[in-house]
Amino acid sequence: MSRCRLIYSSISSKEIVSNDAIKALVKRSSKNNLRDKITGLLLLSGDRFLQVLEGDSKAVNRLYGKIYQDSRHREVELISFESIDVPYFETWGMRLVDLYDLPTHPRQFLMDKYEHLDGDIQIPSRLHEVFSLLLDAKALCQSNPTPQDSSTE
Ligand SMILES: Cc1cc2nc3c(=O)[nH]c(=O)nc-3n(C[C@H](O)[C@H](O)[C@H](O)COP(=O)(O)O)c2cc1C
Numbered sequence: 000m001s002r003c004r005l006i007y008s009s010i011s012s013k014e015i016v017s018n019d020a021i022k023a024l025v026k027r028s029s030k031n032n033l034r035d036k037i038t039g040l041l042l043l044s045g046d047r048f049l050q051v052l053e054g055d056s057k058a059v060n061r062l063y064g065k066i067y068q069d070s071r072h073r074e075v076e077l078i079s080f081e082s083i084d085v086p087y088f089e090t091w092g093m094r095l096v097d098l099y100d101l102p103t104h105p106r107q108f109l110m111d112k113y114e115h116l117d118g119d120i121q122i123p124s125r126l127h128e129v130f131s132l133l134l135d136a137k138a139l140c141q142s143n144p145t146p147q148d149s150s151t152e
């Protein structure tokens, strides 16, 4: 079995970020991803999604095909697809990190480190910065756990 890491960005639809729809999406996705042994993280900054998916290459590709066609977001753009030996996000079926909801200090840390516009952290254009942002988000999650972490529904 070959394992891969896929990263993409997209722009969310208004409906999904403005109500409980995002929570339902994350709940369903966590359940699916645990079943399919896909791990990852979904970052939301303003209306931008940045998602990393890790797992069996076929399963990740199949999922990306579904996600690409999902009308709850648009302008889905593949950033990176690579074979991996070591996953970065192995403990999460799927975890949402909404940068807007972060406490002041971690938010300021990200604002100092990454470009931002009107208070929203911009999804970086350079790949190493994309990785860096995802790993920062992971680290911030670990220091601010929420019930979502333990959700296996
Ligand atoms: C931004 C975004 C991220 C998504 N991430 C996942 C995911 O990680 N796992 C997943 O199963 N579905 C994800 N989806 C939903 C899929 O597009 C699709 O609706 C879902 O896989 C269908 O699952 P179902 O067959 O259980 O209804 C995502 C959708 C969006 C808009």
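Numbering (our numbering), first residue to last: 0 to 152. Beta carbons: idealized from backbone N, C-alpha and C, even for Gly.
{"query": "If you check the beta carbons only, do Val96 and Leu40 fall under 8 Å apart?", "result": "yes"}
{"query": "For Pro102, count neighbouring Cβ atoms within 10 angstroms of its own Cβ and tell me buried if that reaches 16, exposed if not.", "result": "exposed"}
{"query": "Do Ser8 and Arg47 count as a contact pair if the criterion is CB distance below 8 Å?", "result": "yes"}
{"query": "Return the chain-ordered list of same chain residues with a C-beta closer than 7 Å to the C-beta of Gln153, the five sequence neighbours on each side being excluded.", "result": "The structure shown does not extend to residue 153, since the chain spans only 0 to 152, so no value can be given for it."}
{"query": "What whole-angstrom Cβ distance do Cys3 and Ser82 have, given they're in contact under 8 Å?", "result": "6 Å"}
{"query": "Take Leu52 and list the residues in its own chain whose beta-carbon comes closer than 6 Å to its own, dropping the five residues that flank it on each side.", "result": "Leu5, Ile37, Gly39 and Val59"}
{"query": "Which class does Phe108 belong to by DSSP, given the choice of helix, strand or coil?", "result": "helix"}
{"query": "Give me the Cα-Cα distance between Lys137 and Leu43, rounded to the nearest whole angstrom.", "result": "13 Å"}
{"query": "Among Arg34, Ser12, Tyr63 and Ile21, which one has its Cα closest to the Cα of Ser79?", "result": "Tyr63"}
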